[in-house]
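Enquirer:
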Amino acid sequence: MIRVALLLGVLILGTTGGEIAMTLGMKATGEPARLRPRELLAFLWRALRNGWFWAGVPLMALSFYALLVLLSWQPVSFVIPASALSYVVGTLGAKYILREDVGPARWIGVVLVCAGVALVAAG
Amino acid sequence: MVMILAMVVCANTGDLLLKRGMTQIGAVEISAAGLRHALLATVTSGTIWIGIVFLIGFMTSYMTVLSWADYSYVMPVGAFGYATLTLFAVTFLHETVSPRRWVGVILICVGVLLVSQTRPRTTEVAVREVAA
Chain W
626 MIRVALLLGV
636 LILGTTGGEI
646 AMTLGMKATG
656 EPARLRPREL
666 LAFLWRALRN
676 GWFWAGVPLM
686 ALSFYALLVL
696 LSWQPVSFVI
706 PASALSYVVG
716 TLGAKYILRE
726 DVGPARWIGV
736 VLVCAGVALV
746 AAG
Chain L
3 MVMILAMVVC
13 ANTGDLLLKR
23 GMTQIGAVEI
33 SAAGLRHALL
43 ATVTSGTIWI
53 GIVFLIGFMT
63 SYMTVLSWAD
73 YSYVMPVGAF
83 GYATLTLFAV
93 TFLHETVSPR
103 RWVGVILICV
113 GVLLVSQTRP
123 RTTEVAVREV
133 AA
């Protein structure tokens with residue numbers, strides 16, 4: 626069980642770190658003007674030239690491999706919900722690193738999601 | 003909204019395909035030989051690759067959504083996929099889901115509903131027009 630917990634830690638920190646870097650990159654890229662294939666491609670191309678995007682990729686690759694190994698050990702209906710502990714870590718990151726305005730409704734929502742996740746993981 | 007839906011569907015399908023692929027490969031052993039075998043088996047598995055294509059679809063929609071909405075908004079709202087994932091796991095992978103897990107799924111859904119009531123964007127964003 627210790628190895629599952631350790632790998633879950635790698636998964637959660639990798640996911641959160643990668644997603645925060647990705648968010649910084651996407652905010653710098655700016656939104657696509659319209660959701661047409663050509664504009665989406667141009668938008669993806671702009672994103673690919675952003676440094677934050679590439680900072681996020683190795684972290685996400687690490688968490689992806691941690692996910693694959695965990696999936697080979699445990700059922701998907703345990704692994705995916707348990708990895709959702711990253712919601713708390715992610716919200717803290719959003720508040721303190723991304724400086725997003727995380728109000729009470731959002732926090733209550735995140736806490737409910739986590740409580741739900743704990744129940745699901747305890748199955 | 004459409005992009006958030008695409009994000010959830012692609013993520014679910016991708017995860018299920020990965021689980022199916024990894025089940026075919028078997029439990030991974032943490033040793034040099036075990037990890038090498040797992041790496042070879044995953045890059046040659048068709049199911050894993052189709053799963054990856056879906057996860058790329060997820061990435062595209064996710065990046066688009068993140069370019070305008072808060073991370074702390076997108077993250078919990080995307081969690082509504084847990085409800086559908088649980089249904090899929092029961093339907094396609096024949097995993098058993100206890101009543102306690104169903105209560106958890108309901109709590110997650112209520113949490114997602116709460117978050118979705120908040121303002122999606124609280125920070126400034128660089129708005130760029132694509133050259134015509």
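Same order as they appear, the protein sequences are chains W and L. For the first sequence, the working numbering gives the first residue as 626, with consecutive numbering after it. For the second sequence, the working numbering gives the first residue as 3, with consecutive numbering after it. Don't be surprised by glycine CBs; every beta carbon is placed ideally from N, CA and C. All figures in this text were calculated on a predicted structure; none of them were measured in a lab.
For Val-4/L, does the count of other Cβ atoms within 10 angstroms reach 16, so buried, or fall short, so exposed?
Expert: So Val-4/L counts as exposed.
Enquirer: Hey, could you find the ends of the alpha helix (DSSP H) Leu-7/L is sitting in?
Expert: Where Leu-7/L is concerned, the enclosing alpha helix (DSSP H) stretches over 4 to 27.
Enquirer: Mapping the DSSP letters down to three states, classify Glu-31/L as helix, strand or coil.
Expert: Residue state, collapsed to three classes: coil.
Enquirer: For Val-79/L, count neighbouring Cβ atoms within 10 angstroms of its own Cβ and tell me buried if that reaches 16, exposed if not.
Expert: So Val-79/L counts as buried.
Enquirer: Counting contacts by CB-CB distance shorter than 8 Å, is Arg-731/W in contact with chain L?
Expert: Chain L contact via Cβ: present.
Enquirer: For Gly-715/W, go through chain L and note every residue whose CB falls closer than 8 Å to its CB, in chain order.
Expert: Those within 8 Å of Gly-715/W in chain L are Tyr-73, Ser-74, Met-77.
Enquirer: Would a check of beta-carbon distances place Leu-19/L closer than 8 Å to chain W?
Expert: Leu-19/L does not count as touching chain W.
Enquirer: Can you give me the C-alpha to C-alpha distance between Gly-734/W and Cys-111/L, rounded to a whole angstrom?
Expert: Roughly 9 Å separates the two Cα atoms.
Enquirer: Output yes or no for whether 8 Å exceeds the beta carbon distance between Leu-19/L and Phe-56/L.
Expert: A contact, by the Cβ cut-off of 8 Å.
Enquirer: Within 8 Å of any Cβ in chain W, is that where the Cβ of Ala-8/L sits?
Expert: It does not: the Cβ of Ala-8/L has no partner Cβ on chain W nearer than 8 Å.
Enquirer: Going by beta-carbon coordinates alone, are Thr-88/L and Ser-702/W separated by less than 8 Å?
Expert: Yes. Within cutoff.
Enquirer: Using the beta-carbon of each residue, which ones in chain L are nearer than 9 Å to Ala-709/W?
Expert: Correct list: Ala-81, Tyr-84, Ile-110.
Enquirer: Which first and last residues belong to the alpha helix (DSSP H) in which Arg-121/L is found?
Expert: It is not in any alpha helix (DSSP H) - Arg-121/L carries neither H nor E in the DSSP assignment.
Enquirer: Does the beta carbon of Arg-674/W come closer than 8 Å to any beta carbon on chain L?
Expert: No, Arg-674/W lies away from the interface with chain L (no Cβ there is under 8 Å from its Cβ).
Enquirer: Could you say which of Leu-666/W, Trp-679/W, Ile-645/W lies nearest to Leu-68/L if we only look at CA atoms?
Expert: Checked all of Leu-666/W, Trp-679/W, Ile-645/W; the closest Cα to Leu-68/L is Ile-645/W.
Enquirer: Let me see if you follow: with CB-CB separation under 8 Å, is Leu-684/W close to chain L or not?
Expert: No - not a single Cβ of chain L is within 8 Å of the one on Leu-684/W.
Enquirer: Please list the partners that Val-105/L has in chain W, where partner means a Cβ-to-Cβ separation under 9 Å.
Expert: Per Cβ cutoff of 9 Å: Gly-741, Leu-744, Val-745.
Enquirer: So, is the C-beta of Ile-627/W closer than 8 Å to a C-beta in chain L?
Expert: Not one chain L Cβ lies under 8 Å of Ile-627/W.
Enquirer: Run through the segment 642 to 673 of chain W for me and flag every whole alpha helix (DSSP H) of 4 or more residues, listed as ranges in chain order.
Expert: For the segment 642 to 673 of chain W, whole alpha helix (DSSP H) runs of length 4 or above, ordered along the chain, are 662 to 673.
Enquirer: Between the C-alpha atoms of Leu-693/W and His-96/L, what's the straight-line distance to the nearest angstrom?
Expert: Going by the C-alpha atoms only, they are around 20 Å apart.
Enquirer: For the alpha helix (DSSP H) containing Pro-683/W, name the first residue and the last one.
Expert: Per DSSP, Pro-683/W belongs to the alpha helix (DSSP H) from 676 to 698.
Enquirer: Alpha carbons only, please: which of Leu-665/W, Leu-669/W, Tyr-690/W, Thr-654/W is nearest the one belonging to Val-45/L?
Expert: Residue Tyr-690/W is the option with its Cα nearest to Val-45/L.
Enquirer: If I measure Cβ to Cβ from Glu-131/L and keep anything under 6 Å in the same chain, skipping five residues before and after, which residues do I get?
Expert: Its pLDDT being 44, under 50, Glu-131/L is placed unreliably by the model, and nothing is read from it.
Enquirer: By Cβ distance below 7 Å, which residues in the same chain neighbour Ala-658/W in space, the five residues on each side in sequence not counted?
Expert: Excluding positions up to five away in sequence, the list reads Glu-664.
Enquirer: Does Val-738/W have its Cβ less than 8 Å from a Cβ in chain L?
Expert: Yes - at least one Cβ of chain L is within 8 Å of the one on Val-738/W.
Enquirer: So, are the CB atoms of Met-626/W and Met-65/L less than 8 Å apart?
Expert: For Met-626/W and Met-65/L, no; Cβs fall outside 8 Å.
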